[in-house]
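All residue numbers for the sequence shown refer to our numbering, where the first residue is 137 and numbers rise by one.
Below: the structure, in structure tokens.
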Amino acid sequence: MKGDDPAFMLFQRFSTAVLAIIFTLVVVFFSYGRYQARPVAVPKREAPEEPAIRVRTPGNYINVLSIDGGGVRLIPALQCLAELEKKAGKPVWEMFDIMVGTSSGALIVAALAAPGEGGKARYSAQELLDGFPKLLERMAAAPLVHPLLSLEGRSAPKFLTRERQRVLIEFFGDKTLTGAALTTIILPAFAIEQNAPFMFASDMGQSTTTGESPGRSVTEAGDYFLADAVIAATGDADVFAPSRVANVTGDVELTFTSASVFAANPTLVAVGEALLRFPQKQCVVISLGGGALTKETPWPARGWDSEAGPSSLVATATTGSTILTAQATALFHRFGSGPVAAYIRLDPTLPASASDPYDFSAGNIAEIQKAGVQLTTEKAATIGRTAEFLSAR
Numbered sequence: 137m138k139g140d141d142p143a144f145m146l147f148q149r150f151s152t153a154v155l156a157i158i159f160t161l162v163v164v165f166f167s168y169g170r171y172q173a174r175p176v177a178v179p180k181r182e183a184p185e186e187p188a189i190r191v192r193t194p195g196n197y198i199n200v201l202s203i204d205g206g207g208v209r210l211i212p213a214l215q216c217l218a219e220l221e222k223k224a225g226k227p228v229w230e231m232f233d234i235m236v237g238t239s240s241g242a243l244i245v246a247a248l249a250a251p252g253e254g255g256k257a258r259y260s261a262q263e264l265l266d267g268f269p270k271l272l273e274r275m276a277a278a279p280l281v282h283p284l285l286s287l288e289g290r291s292a293p294k295f296l297t298r299e300r301q302r303v304l305i306e307f308f309g310d311k312t313l314t315g316a317a318l319t320t321i322i323l324p325a326f327a328i329e330q331n332a333p334f335m336f337a338s339d340m341g342q343s344t345t346t347g348e349s350p351g352r353s354v355t356e357a358g359d360y361f362l363a364d365a366v367i368a369a370t371g372d373a374d375v376f377a378p379s380r381v382a383n384v385t386g387d388v389e390l391t392f393t394s395a396s397v398f399a400a401n402p403t404l405v406a407v408g409e410a411l412l413r414f415p416q417k418q419c420v421v422i423s424l425g426g427g428a429l430t431k432e433t434p435w436p437a438r439g440w441d442s443e444a445g446p447s448s449l450v451a452t453a454t455t456g457s458t459i460l461t462a463q464a465t466a467l468f469h470r471f472g473s474g475p476v477a478a479y480i481r482l483d484p485t486l487p488a489s490a491s492d493p494y495d496f497s498a499g500n501i502a503e504i505q506k507a508g509v510q511l512t513t514e515k516a517a518t519i520g521r522t523a524e525f526l527s528a529r
């Protein structure tokens with residue numbers, strides 16, 4: 137009989153073993169993906185007692201710094217800021233009344249406004265530039281088995297949120313948001329449960345609103361650790377799981393992803409926040425971009441949304457919002473008597489090979505640095521005039 141055939145029995149056993157292995161692998165990959173995609177709570181700590189830093193009053197204009205998201209593609213933005221510091225003879229925080237950043241831009245803003253010894257900034261733009269790629273690489277670190285179990289970020293977040301939290305807590309320490317900024321900083325994020333923007337503001341200022349849904353701010357939720365605000369603001373939805381962040385008193389806990397989902401270019405957010413605080417003044421806006429690519433990455437011939445995956449969808453949305461925001465801000469400036477008295481946009485042109493914000497290879501970083509040098513060289517006169525204006529306050 138066929139069932140008694142040794143070859144057939146061996147085939148049956150082999151088929152059963154293969155199906156069992158496949159089923160086990162599916163369960164492992166699915167379970168790992170679900171586990172890594174869940175929101176990760178930031179560790180609770182004891183808040184130090186420290187006075188809030190008193191924010192100075194602007195001069196004739198509100199000097200506003202806005203920095204896009206972009207990972208290592210923000211190296212040119214830091215190169216521009218280092219040039220500004222060099223030419224002005226002043227640290228970044230002293231030149232700007234309000235500093236706003238999205239995602240990795242939020243990290244830069246917070247680091248350049250964080251106080252060190254003697255009331256000075258903890259980092260100059262050049263010092264932060266020197267360590268920026270390595271800091272981002274540490275935030276994106278993961279065990280060697282993670283790329284395999286996450287199917288290269290297809291079944292689970294590409295990077296581990298818990299590791300990013302650990303690195304940022306170590307970097308910023310236990311300073312609170314209101315006691316750890318030498319000028320007003322605003323770190324936008326997106327509160328998932330509320331389905332609304334959330335502004336971490338060091339001056340406890342009232343947040344702007346979006347449509348019929350008001351964006352919440354620390355005015356309503358209380359103070360936060362600076363590290364926790366940066367954690368909330370840097371959790372890009374396409375590569376990190378959300379973070380659950382509580383205020384320093386522990387009575388408000390929300391789940392956040394980064395503001396890249398609504399303000400990849402936060403310039404309009406920055407202008408809105410500035411005018412809320414000083415409605416009778418005009419803004420001088422310096423906007424630093426995360427790089428425009430020399431050519432678009434081609435979409436697949438069919439089903440681009442399913443074949444390219446969530447990362448491509450997010451990238452498409454953020455690119456579109458970045459361009460529209462830059463255009464809208466430029467229109468405000470053209471009106472002359474409107475809210476924007478002066479608007480300078482510095483955005484490098486990057487090769488298509490540098491499109492990945494989390495490519496930490498030496499070759500990619502060298503390409504981006506080269507683009508930054510080209511930008512600061514071509515815009516040397518603009519940067520010089522800007523430094524002269526900002527240093528004369």
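Heads up, the beta-carbon is just placed ideally off N, CA and C, and yes, glycines get one too.
Keep in mind the model is a prediction, meaning the values are calculated, not measured.
Per-residue burial, residue i [other beta carbons within 10 Å of its own, 16 or more giving buried]
i, result
"Val509", "exposed"
"Val421", "buried"
"Thr160", "exposed"
"Leu287", "exposed"
"Ala400", "buried"
"Asp387", "exposed"
"Asn331", "exposed"
"Gly347", "Legend: pLDDT at Gly347 = 45, less than 50; position of this residue unreliable, value from coordinates given subsequently. Its Cβ having fewer than 16 others within 10 Å, Gly347 is exposed."
"Leu201", "buried"
"Phe166", "exposed"
Per DSSP, the bridge partner or partners of residue i
i, result
"Met235", "Leu201 and Ile321"
"Glu530", "Residue coverage of the chain in this structure runs from 137 to 529, which leaves residue 530 outside it and unanswerable."
"Val421", "Val200 and Tyr479"
"Met546", "This structure does not reach residue 546, given that the chain is present from 137 up to 529, and the question cannot be answered."
"Leu390", "Val381"
"Ala327", "Ala332 and Phe392"
"Val176", "Ser379"
"Ala257", "Pro251"
"Phe166", "In DSSP, Phe166 forms no bridge with anything."
"Thr193", "Answer by DSSP bridge pairing: none, since Thr193 is not bridged."
"Phe361", "Thr312"
Beta-carbon spacing of residue i, residue j below 8 Å
i, j, result
"Pro324", "Ala395", "yes"
"Gly237", "Val228", "no"
"Leu271", "Ala218", "no"
"Gly254", "Leu210", "no"
"Ala277", "Glu306", "no"
"Thr297", "Phe392", "no"
"Ala410", "Ile234", "yes"
"Phe398", "Tyr360", "no"
"Gly425", "Thr385", "no"
"Gln301", "Ser379", "yes"
"Leu486", "Ile504", "yes"
"Thr310", "Arg181", "Looking at the sequence shown, residue 310 is not Thr but Asp. Yes."
"Pro475", "Cys419", "yes"
Cβ distance (whole Å) where residue i is taken to contact residue j below 8 Å
i, j, result
"Ala363", "Phe308", "4 Å"
"Thr312", "Asp339", "So it is not a contact: roughly 13 Å between Cβ atoms."
"Pro484", "Gly408", "Not really, about 26 Å apart at Cβ, beyond 8 Å."
"Ala247", "Ala317", "Actually they do not touch by this definition, with Cβ atoms about 11 Å apart."
"Ala292", "Tyr168", "6 Å"
Query raised in the report: Where in the stretch 274 to 307 do unbroken runs of the alpha helix (DSSP H), each at least 4 residues long, occur, reported from the N-terminal end onward?
Result: 282 to 285
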